[in-house]
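Just so you know, we're using our numbering here: the sequence shown kicks off at 6 and counts up by one. Report on the structure given below.
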Amino acid sequence: MSRDNLFSLPRDRVGQFKFDDDVARVFPDMISRSVPGYASILSVIEQLSQRFVRADTNVYDLGCSLGAGTLLIRQQAPPSAIIHAVDNSKAMIDRLREILDKQSSAGPGCCVQLHLDDICEIPMSNASMIVLNFTLQFVAADKRDALLTKCFNALNPGGCIVISEKVCFDDASQQDLLTQLHLDFKRACGYSELEIAQKRTSLENTLIPESIGTHCDRLTNIGFNTVAPWFQCFNFASILAVK
Ligand code: GEK
């Protein structure tokens, strides 16, 4: 796994964060050293797929990056299910295609269809499980209601959506404490103060967090029967909602 040192040298100007080739190359290292609980969340996504994914249905991994979720769900899904792995980064989809090509000789697994597309634009239907693992935070705030309504309409009754996000807090002292604890986590994972500062500048106005309450209210208002935040580590959380 290539080490993420993309922000280690001082830059005259830090541009907006892009999911380009450089990021795709180091992505597994970058996300596991930036998101506390990432590995735990993935293993629960695999567990949830055993319970929720049904034969002859679609599964959507929206903002799939290198397919961490897709590859785990694929091991559990019935052969007649289809996983749609969607990302608008060509670098990510190209690499995921290579990973899948290498894996296809390794044994059976349900069909995976790759889509280089905007998750707000793709048609969706007959879904038993939809995953947005740290993706909604990159979608413009005014498009989130429509996207999640589309997801709700695509899900069959009993189907689920998993939304993992960086979150913010209404209470300023909670916001400050949990942000500091996240920064401690990044330091402990080997990121320098310069790397942390430049990455933060690069993500400003690109990654827009909302509170757990805002996420839950939106899902409830859209019509989900059960909305259950099931994971939180510092300012990162995951929510399970069932139609
Ligand atoms: C994982 N889920 O490893 N349409 C399609 N893709 C998008 C859009 C959009 N509108 N906006 C962002 N993306 C993965 C990790 S990373 C999270 C997801 C992170 C894609 C973007 O190109 C990137 O690949 C992914 O969402 C977010 O479980 O980097 O913090």
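Note that the Cβ used here is the ideal one computed from N, Cα and C, for glycine as well.
Chain-ordered, the residues whose CB falls short of 5 Å from any heavy atom of the ligand GEK come out as F24, G68, S70, A73, G74, D92, N93, S94, M97, D123, I124, N138, F139, T140 and F143.
Here A159 has M129, S130 and A132 as same chain residues with Cβ atoms under 6 Å from its own Cβ, once five neighbours each way along the sequence are excluded. In this chain, the alpha helix (DSSP H) harbouring G74 covers A73 to Q81. By the Cβ-count criterion, E200 is buried, with 16 or more other Cβ atoms from all chains shown falling within 10 Å of its own Cβ.
In the structure shown, the three-state DSSP call for T231 is strand. For G164, the three-state secondary structure derived from DSSP is strand.
In the three-state reduction of the DSSP assignment, S133 falls in the strand class.
Its Cα nearest to that of I124, the residue A151 stands out among F174, V117 and A151. Cβ-Cβ separation between N138 and I46: approximately 7 Å, consistent with a contact (criterion under 8 Å). Exclusion of the five residues before and after L101 leaves C69, L71, G72, A90 and L119 as the residues of its chain whose Cβ lies within less than 7 Å of its Cβ.
Sequence-distant partners of T62 (beyond 5 residues in either direction) whose C-beta falls short of 7 Å from its own C-beta, in its chain, are A86, N131, A132, S133 and N161.
8 Å or more divides the Cβ of V167 from the Cβ of V144.
Between C115 and V58, the alpha-carbon positions lie close to 11 Å from each other.
Nearest to S54 by alpha-carbon distance, out of N10, P83, E126 and D34, is P83. G42 is a Cβ neighbour of C238, given a cutoff of 8 Å. Under the rule that a run must span 3 or more residues, the beta strand (DSSP E) segments found entirely inside the segment 146-225 read 160-171. Annotated as proximal: A246 and F229, with beta-carbon spacing under 8 Å. In the pairwise beta carbon analysis, the segment 203-222 is classified as touching the segment 8-23: at least three pairs are separated by under 8 Å.
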